[in-house]
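A.B. asks:
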Amino acid sequence: MSASAPDRDRFPVTRRQFVRTAGLGLAGGSLATMLAARQAPAQIKGSNLRILTWSHFIPAYDTWFDKFAGEWGEKNGVKVRVDHIPHLEIPARMAAEFAAGAGHDILFNGSTILTRIYYKTLTDLTDIYDQIGKKYGGWIQAARSPVEVEGRIYGIPVYYILLPMIWRKDLFDQAGLKPPDTWEAARVAARTLKAKGHPTGIQFSHCNDANLNWRSLLFSFGGTETDPSGERPTIDSKEMREALKFSKALFDEGMTPEVFSWDDASDNRYLASGIACWVHDAISAYRTTEGTNPAVFQHAHIGLEPAGPDGKRVSVSAPNAFMVWKFSKNQAAAKEFLVHLMDNDKQGMIESTGYNMPFLNDTAKKPMPVIGSDPKLQVLQDFPKIVAFFGHPGPYTTQIQEVANLFVLPDMFTRVARGQGIDETIKWGLGEYQRIFAKHKKA
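Per the working numbering, residue 3 is the first one in the sequence shown, and the count goes up by one each step.
(1) Could you tell me which residues DSSP puts in a beta bridge with S317?
(2) If we count the other Cβ atoms within 10 Å of its Cβ and call it buried at 16 or more, is K367 buried or exposed?
(3) Does DSSP put T258 in a helix, a strand or coil?
(4) Does the distance from the C-beta atom of I388 to that of E227 stay below 8 Å?
(5) Which residue's Cα is closest to the Cα of A278: D266, V298 and D265?
(6) Using alpha carbons as the reference points, say which of L164, S57, S218 and G103 lies closest to P321.
(7) Give the DSSP-derived three-state secondary structure of E73 in the structure shown.
(8) For V84, list the residues DSSP reports as bridge partners.
(9) On the CB-based measure, 16 or more other CB atoms within 10 Å of its CB, does R437 come out buried or exposed?
(10) Could you name the residues of the same chain whose beta carbon sits closer than 6 Å to that of S354, not counting the 5 residues immediately before and after it, in chain order?
(11) From W74, A334 and L54, pick the residue whose C-alpha is nearest to that of K346; which is it?
(12) Would you check if the segment 133-148 and the segment 269-284 touch, i.e. whether three or more CB-CB distances between them fall below 8 Å?
(13) Using the Cα positions of F415 and P259, report the straight-line distance between them to the nearest angstrom.
(14) Going by alpha carbons, who is nearest to L306 out of E434, L379 and W141?
(15) Can you check the segment 200-255 for any alpha helix (DSSP H) of at least 4 residues that lies completely inside it and give the ranges in chain order?
(16) For M370, which of helix, strand or coil comes out of DSSP?
(17) Just checking L306 against the ligand PLP - is the residue's beta carbon closer than 7 Å to any of the ligand's heavy atoms?
(18) Sort T294, T202 and N270 by Cα distance to A284 and report the nearest one.
(19) If distances are taken between C-alpha atoms only, which option among F409, R243, A390 and F67 comes closest to K429?
(20) Residues in its own chain within less than 7 Å of T55 by CB, not counting five upstream and five downstream?
(21) Scan the segment 102-189 and note each continuous alpha helix (DSSP H) run of 4 residues or more that stays entirely inside, going in chain order.
(22) In angstroms with no decimal places, state the Cα-to-Cα distance between L26 and F100.
(23) Let me check understanding here. Comparing Cα to Cα, which of M344, I158 and K443 lies closest to F67?
(24) Compare the C-alpha of I46 against each of T399, E233, L195 and E338 and name the closest.
(25) Taking the DSSP output, what are the residues bridged to G305?
(26) Could you please give the first and the last residue of the uninterrupted alpha helix (DSSP H) stretch that includes H2?
(27) Could you tell me the alpha carbon to alpha carbon distance between L28 and S375, rounded to whole angstroms?
(28) Could you check whether the Cβ of D413 sits closer than 8 Å to any Cβ belonging to chain C?
(29) Roughly how many angstroms lie between the CA atoms of L219 and G48, to the nearest whole one?
(30) According to the neighbour-count rule (16 or more other Cβ atoms, all chains shown, within 10 Å of its Cβ), is L408 buried or exposed?
(31) Given a cut-off of 8 Å, decide if F385 and Y161 are closer than it, judged by their beta-carbon atoms.
(32) Report the rounded CA-to-CA distance for Y480 versus H282, giving the unit in angstroms.
(33) Measure the C-alpha to C-alpha separation of P395 and R234 and round it to an integer number of angstroms.
(34) Using only CA atoms, which one of G313, G431, D183 and I304 lies nearest to F221?
(35) Can the beta-carbon of H303 be found less than 8 Å from the beta-carbon of W169?
(36) Among residues of its own chain, excluding the 5 on either side of Y398, which ones have a beta-carbon nearer than 7 Å to its beta-carbon?
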């Protein structure tokens with residue numbers, strides 16, 4: 003491999019092995035044309051830039067990203083190296099680099115964004131965040147919370163990953179069921195179709211999807227984790243009780259006990275197997291069936307986030323951001339690369355086959371790349387206005403980051419599903435939240 007091409011330190015992807023040939027002929031835009039759009043400053047020539055990112059669930063996106071980074075480096079006289087590791091290994095690698103005070107220049111965070119833990123050793127990126135936003139119509143409302151600390155920006159939000167409802171229209175039609183547009187309709191469908199050999203499943207376990215899915219249900223039921231300030235836990239509420247009660251019924255009526263040991267890939271496999279009547283998961287689950295079970299793919303449909311009892315819809319999604327270490331010796335090149343990456347936001351969405359949802363308003367305009375032209379995926383264009391992240395309606399605080407890392411909220415839903423009383427469960431959960439909040443307040 004040439005010196006200017008990105009080296010790759012790839013590890014096996016353990017989650018969602020799918021779409022190995024996901025290139026859909028959508029690349030379209032010429033890299034040469036993209037690279038000509040921005041001229042980097044002369045002082046970065048002859049420098050080195052190391053980027054740590056994850057092994058994307060769409061392998062074709064990684065192929066594009068690596069070539070994109072390498073060609074940007076060639077044009078600007080920067081030797082670029084891109085290292086990929088599984089997403090679950092990112093926090094440990096970040097901690098090791100923090101301890102060593104050395105490592106990559108740019109690093110990726112996904113789902114659990116660690117800006118508030120490390121912000122004192124991260125480069126302030128407020129200037130390029132504002133610059134990018136001004137150029138592309140601003141950022142969607144949810145973009146700022148994961149990367150903001152005390153009014154400053156310490157990461158560039160590059161995309162978020164949705165977990166919509168993916169349901170089998172053929173099974174619903176055969177049983178005379180309404181589409182799962184509400185959580186109640188989803189429960190009725192699960193109960194009805196489980197009896198016909200087609201249950202549903204949501205992870206009652208320690209994985210990213212559990213953190214995301216149960217928050218979507220809770221928030222759509224009107225519940226919250228914190229007050230708007232993010233300083234006070236609010237899980238001891240009527241809405242939390244209703245959400246826990248509902249989840250217990252959903253499990254009893256429409257699931258099987260295997261969900262207690264599910265990981266992030268289990269619902270993908272469940273849908274692709276032809277068993278599931280619906281799953282609440284990223285479109286990777288939908289894409290998987292295209293190659294592994296075309297009959298399921300033909301009948302799988304994508305739905306808007308189900309509404310709660312009062313019609314509220316909140317889709318808790320996985321944000322993804324790039325940060326720059328303050329100890330990086332090449333902050334100038336790092337910032338230039340990130341600006342250039344966001345200049346090509348639409349192309350990134352194309353290369354991910356619609357998996358990467360945009361934080362920039364211009365990219366989020368209808369019709370969006372890929373999903374805007376696919377009748378089954380067009381509904382995803384309506385998600386930006388209902389997207390939320392951990393801590394909703396409060397900010398993405400250090401406390402909430404730890405709550406998520408310890409899977410406190412999924413554990414509450416799991417306890418109730420296994421038979422523990424709701425009041426007892428809330429007492430336990432509130433104690434965990436208060437312990438974590440008190441620790442960080444004291445610190």
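Even for Gly, the Cβ is constructed at its ideal location relative to N, Cα and C.
Model, not experiment: these values are computed from the prediction.
C.D. replies: Taking the structure as given:
(1) Reading the sequence shown from its first residue, position 315 is the one you call residue 317. Per DSSP, V389.
(2) The residue labelled residue 367 in the question sits at position 365 within the sequence shown. So K367 counts as exposed.
(3) If you number the sequence shown from 1, residue 258 lands on position 256. In this structure, T258 counts as coil in the three-state DSSP scheme.
(4) Residue mapping note: residue 388 aligns to position 386 of the sequence shown, counting from 1. Residue mapping note: residue 227 aligns to position 225 of the sequence shown, counting from 1. The answer is no: Cβ separation not under 8 Å.
(5) For the purposes of this step, residue 278 is taken as the residue at position 276 of the sequence shown. That would be V298, whose Cα lies nearest to the Cα of A278.
(6) Along the sequence shown, read from residue 1 onward, the residue named residue 321 stands at position 319. Of L164, S57, S218 and G103, the residue nearest in Cα terms is L164.
(7) Counting from 1 along the sequence shown, the entry for residue 73 is found at position 71. The three-state secondary structure of E73, taken from DSSP, is helix.
(8) Indexing the sequence shown from 1 puts residue 84 at position 82. In the DSSP output, where bridge partners are listed per residue, V84 has I53.
(9) Translated into positions along the sequence shown, residue 437 becomes position 435. With fewer than 16 other Cβ atoms inside 10 Å of its own Cβ, R437 counts as exposed.
(10) For the purposes of this step, residue 354 is identified with residue 352 of the sequence shown, where counting begins at 1. Excluding positions up to five away in sequence, the list reads I60 and Y63.
(11) On the sequence shown, residue 346 is found 344 positions in, with the first residue counted as 1. The displayed chain sequence assigns Asn, not Lys, to residue 346. Of all alpha-carbon atoms in W74, A334 and L54, the one lying nearest the alpha-carbon of N346 is that of W74.
(12) Contact between the segment 269-284 and the segment 133-148 is absent, because fewer than three Cβ pairs lie under 8 Å.
(13) By 1-based counting over the sequence shown, the position of residue 415 is 413. By 1-based counting over the sequence shown, the position of residue 259 is 257. Distance between the alpha carbons of F415 and P259 is about 14 Å.
(14) Position 304 of the sequence shown holds residue 306. The candidate whose alpha carbon is nearest that of L306 is L379.
(15) As far as the segment 200-255 is concerned, its whole alpha helix (DSSP H) runs of at least 4 residues are 210-222.
(16) Against the sequence shown, residue 370 aligns to sequence position 368. Coil, per DSSP.
(17) Within the structure as shown, the ligand PLP is missing, as the structure has no ligands at all.
(18) In the sequence shown, the residue the question calls residue 284 occupies position 282. For the residues T294, T202 and N270, the minimum Cα distance to A284 belongs to N270.
(19) Sequence index remark: in the sequence shown, residue 429 carries index 427 (1-based). Nearest option by C-alpha distance: R243.
(20) Position 53 of the sequence shown, counted from the start, is the residue given in the question as residue 55. For T55, same chain residues with a beta-carbon under 7 Å away, outside a window of 5 residues either side, are V84, H86 and F110 in chain order.
(21) Every unbroken stretch of the alpha helix (DSSP H) spanning 4 or more residues and falling wholly within the segment 102-189 is given here in chain order: 117-120, 128-137 and 171-176.
(22) In the sequence shown, the residue the question calls residue 26 occupies position 24. In the sequence shown, the residue the question calls residue 100 occupies position 98. Low local confidence applies: a pLDDT of 35 at L26 is under 50, so the model's placement there is unreliable, with the coordinate-based value given in what follows. Cα-Cα distance, rounded: 39 Å.
(23) Stepping through the sequence shown from its first residue, residue 67 is reached at position 65. Comparing Cα positions, the closest option is M344.
(24) Indexing the sequence shown from 1 puts residue 46 at position 44. Closest option to I46, Cα to Cα, is E338.
(25) Residue mapping note: residue 305 aligns to position 303 of the sequence shown, counting from 1. According to DSSP, G305 bridges with M167.
(26) Absent from the model: residue 2. The displayed extent of the chain is 3 to 445, so no value can be given.
(27) Residue numbering aside, residue 28 sits at position 26 when the sequence shown is read from its first letter. Residue numbering aside, residue 375 sits at position 373 when the sequence shown is read from its first letter. Note that L28 scores a pLDDT of 37, beneath 50, so its modelled location is shaky and nothing firm can be said.
(28) Absent from the structure: chain C. Only one protein chain is present.
(29) Within the sequence shown, the letter at position 217 stands for residue 219. Within the sequence shown, the letter at position 46 stands for residue 48. Taking the CA atoms as reference points, L219 sits about 51 Å from G48.
(30) One-based indexing of the sequence shown puts residue 408 at position 406. Result: exposed.
(31) One-based indexing of the sequence shown puts residue 161 at position 159. One-based indexing of the sequence shown puts residue 385 at position 383. For Y161 and F385, no; Cβs fall outside 8 Å.
(32) Missing from the structure shown is residue 480; the chain here goes from 3 to 445 and no further.
(33) Here residue 395 corresponds to residue number 393 of the sequence shown, with the count starting at 1. Here residue 234 corresponds to residue number 232 of the sequence shown, with the count starting at 1. Note on geometry: alpha-carbon atoms of P395 and R234 lie some 11 Å from one another.
(34) As a first step, residue 221 must be located in the sequence shown, where it is residue number 219. With distances taken between Cα atoms, F221 lies closest to G313.
(35) In the sequence shown, residue 303 corresponds to position 301, counting from 1. In the sequence shown, residue 169 corresponds to position 167, counting from 1. For H303 and W169, yes; Cβs fall inside 8 Å.
(36) Walking along the sequence shown from the start, residue 398 turns up at place 396. Excluding sequence neighbours, Y398 sits near I115, S147, P148, F391 and F392.
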